[in-house]
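Just below is one structure, and these are the notes that go with it.
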Amino acid sequence: MSIIGSTIDGVLRMAAGYGVRCDRPVVLRDRANLLVHLAPAPVVARVPGLVTAIRTDARRYLAVDVELAGYLHVAGAPVVAPSAELPPGPHPIERGVGASSIWCSFWTYQPHDRDAVHSPDALRATLADVHRALAEYPGELAEHGPLVDLRLGLQRLSWTDDERDVITGKIASAEKSLAELPAKPL
Numbered sequence: 003m004s005i006i007g008s009t010i011d012g013v014l015r016m017a018a019g020y021g022v023r024c025d026r027p028v029v030l031r032d033r034a035n036l037l038v039h040l041a042p043a044p045v046v047a048r049v050p051g052l053v054t055a056i057r058t059d060a061r062r063y064l065a066v067d068v069e070l071a072g073y074l075h076v077a078g079a080p081v082v083a084p085s086a087e088l089p090p091g092p093h094p095i096e097r098g099v100g101a102s103s104i105w106c107s108f109w110t111y112q113p114h115d116r117d118a119v120h121s122p123d124a125l126r127a128t129l130a131d132v133h134r135a136l137a138e139y140p141g142e143l144a145e146h147g148p149l150v151d152l153r154l155g156l157q158r159l160s161w162t163d164d165e166r167d168v169i170t171g172k173i174a175s176a177e178k179s180l181a182e183l184p185a186k187p188l
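Structural data, given as structure tokens:
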């Protein structure tokens, strides 16, 4: 069985343990994360994929995502909510004999129209709603967001000295630009 197949089987076993029935798992995306709709249930499983090459503590990142999205959803921000059908996790997923366990979180399925086009004004308003809700978030937000991932990638992945110098310079430039902004980046 493939890695994706054994991962989906593990996700289905976990969800079934909470009474979630899935007749036909549908892979929605398989890139940085594996996203699987547990059809017909209104549940999507999120399993970290490529991001684990950089983020070593997938459980912690999933827990922060679930907490933050839950907060934003309750605050009325336009975000996908953690699943109400089963505990959103994170949950350890067993993939079979000899395979390492991985982590998974569960989210509310939202139908997606790939042909939908949103105006810049609509996107700006949506992002503003999220930022307003984030301003009241009592938890801790990762400082500089994606810059943390860039630093982790710099440490964990193989680079030539020249590549490392270029990336280090780009990170420093981004940090300087963020520090000069009049408001705290969310």
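In my numbering, each residue carries its 1-based index in the sequence shown increased by 2. Note that beta-carbon positions come from the ideal geometry of N, C-alpha and C, so glycine has one too. What you are looking at is a predicted structure, and each value in this text was computed from that prediction instead of being measured.
| Query | Result |
| --- | --- |
| Opposing strand residues paired with Asp59 [DSSP bridges] | Paired residues: none, contrary to the question. |
| Proximity below 8 Å, CB of Trp105 to CB of Leu64 | yes |
| Alpha carbon of Tyr111 to alpha carbon of Lys178, nearest angstrom | 39 Å |
| Distance CB(Val46)-CB(Leu70) smaller than 8 Å | no |
| Span of the alpha helix (DSSP H) around Pro94 | Note, Pro94: premise wrong, no alpha helix (DSSP H); beta strand (DSSP E) at His93 to Ile95. |
| Rounded straight-line distance, which links the Cα of Ala124 to that of Val53 | 29 Å |
| Backbone CA spacing between Pro187 and Leu74 [nearest angstrom] | Bear in mind that a pLDDT of 47 at Pro187, under 50, signals an unreliable position, so the number given afterwards is only what the model happens to contain. Roughly 17 Å separates the two Cα atoms. |
| Presumed contact (8 Å Cβ cut-off) between Arg57 and Leu154, rounded CB distance | 7 Å |
| Coarse secondary structure for Ala41, derived from DSSP in three states | strand |
| For Val82 and His120, the rounded distance between their alpha carbons | 17 Å |
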